[in-house]
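Okay, so here's the structure we're looking at.
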DNA sequence: CAGAATATACTGATCGTTCTATATTGATCG
DNA sequence: CGATCAATATAGAACGATCAGTATATTCTG
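Residue numbers (the numbering used here), protein chains in the order written: chain U, 1 to 188; chain F, 189 to 376.
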């Protein structure tokens, strides 16, 4: 039972960090809800910071894989549509209090260079995925266009706690057609 | 010197809470950097929570007033353009690590119903201001349209820590013309 | 038997908040 | 102008709680 405990710790930490915040969630809370001893956590992870980094990597990797699969299985629909639809599904499914990576950058920008750097790296991966999707649709796949599309998707994440995830996702999905034109405008 | 200390506390708290986070910033840090005794803080504010609420109100009120003034002084430019331009200026001016209200909702959604409620109330005020601007331009000023515009502006805030505030603002400004069509689409 | 997980206690630090006792201030009044 | 007095600010100790992380010794388990 060595991998099982580690998995339980990661799942519990992900839930607590996401819902309650990173600084606001203590190690004791994590181990208590995971049902493991405190030393078991420090046996698997050298520090809280390392645990956070692995939680971020895991969750965002899962998200990116889902997006990629949605693109791969898009059938006749455009890749960007498949991507945004999948993002909207993700938005609705999770308790949806925003993006965990954005939250991590916000909390650790001035407290952990490692976590902040990792957060930005993950978002850059996301930008790459968006550019690939644009290229699949024979659209201009420059960095600026991808960034503008991501900007709008992040807006939906950010407003989810204010408007509710369903309403935020609806807006994003409704805007999508017109948005593609707005994102591909020249100059910038 | 009773108003001066209070002002100094609010300004210092605003800076620290915004840059370092709410949970990560202790009372001791606030009073030390404000150059004030700890009991002076508790003489002016009943609790850290109350201090946070006043900081949020203050900062967002300042922001809303700036937006309103930009609209009032818009001259020949459309109200929405004046509003977004002002938002972009705000984005560039501040250290710009996102919106303090969104950050507060994220950190306190499960820890302070009061702060979370106040955050949502402030964002609703912002939506009202956007609807007024839409009406001034003789555009459809329904709630959904305003929410979609806010969604995009929030996206620029959120991506500022990733792309840098200048680049995020540029994207928002560039998208604006096409965006207005994308936001006013029927159905939702 | 060995590797892993356990419970428990401990470190030193910090958290938000309160208390106390002293010092400083600003306004009122003689 | 100078004395008085109440409000305000001060430093510092203390509160119990929690923080991240470590040490140890015991128990479980493959």
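For every residue, glycine included, the Cβ atom is placed at its ideal position computed from N, Cα and C. Predicted model, so just to flag it, every value in this text is computed and none were measured.
- Within chain U, no C-beta atom comes nearer than 9 Å to that of residue 227 (chain F); the closest sits roughly 26 Å away.
- Excluding five sequence positions before and after residue 184 (chain U), the CB atoms of its chain that fall closer than 7 Å to its own CB belong to 139, 140, 145, given in chain order.
- With respect to chain U, the C-beta atom of residue 346 (chain F) has a partner C-beta closer than 7 Å.
- Neighbourhood of residue 297 (chain F) in chain U, by CB distance below 7 Å: 97, 161, in chain order.
- Residue-level contact check: residue 359 (chain F) touches chain U, since one or more beta carbons of chain U fall below 7 Å from its beta carbon.
- By the C-beta density criterion, residue 170 (chain U) is buried, having at least 16 other C-beta atoms within 10 angstroms.
- From the listed residues F:212, F:218, F:213, F:355, the smallest Cα separation to residue 281 (chain F) is found for F:355.
- Counting along the chain, no alpha helix (DSSP H) covers residue 282 (chain F), and no H or E run does either.
- The C-beta separation of residue 268 (chain F) from residue 322 (chain F) comes to about 6 Å, placing the pair in contact by the 8 Å criterion.
- Residue 56 (chain U) sits away from residue 11 (chain U), with the two beta carbons spaced by 7 Å or more.
- Between the C-alpha atoms of residue 248 (chain F) and residue 310 (chain F) there is a straight-line separation of about 7 Å.
- Going by C-alpha positions, residue 288 (chain F) is about 21 Å away from residue 258 (chain F).
- Taking a contact to require three or more Cβ pairs closer than 8 Å, the region 199-212 of chain F and the region 18-32 of chain U qualify as touching.
- Residue 98 (chain U) and residue 343 (chain F) do not touch by the CB rule: their CB atoms are close to 12 Å apart, not below 8 Å.
- Between residue 102 (chain U) and chain F, the shortest Cβ-Cβ separation is below 7 Å.
- Within the region 41-122 of chain U, the runs of alpha helix (DSSP H) at least 4 residues long that lie entirely inside it are, in chain order, 48-72, 79-93, 100-108.
- Closest in alpha carbon position to residue 96 (chain U), among F:276, F:274, F:297, is F:297.
- By the rule that beta-carbons nearer than 7 Å mark a contact, residue 106 (chain U) touches chain F.
- Each residue's CA atom was taken as its position, placing residue 46 (chain U) and residue 6 (chain U) some 13 Å apart.
- With 16 or more other Cβ atoms inside 10 Å of its own Cβ, residue 74 (chain U) counts as buried.
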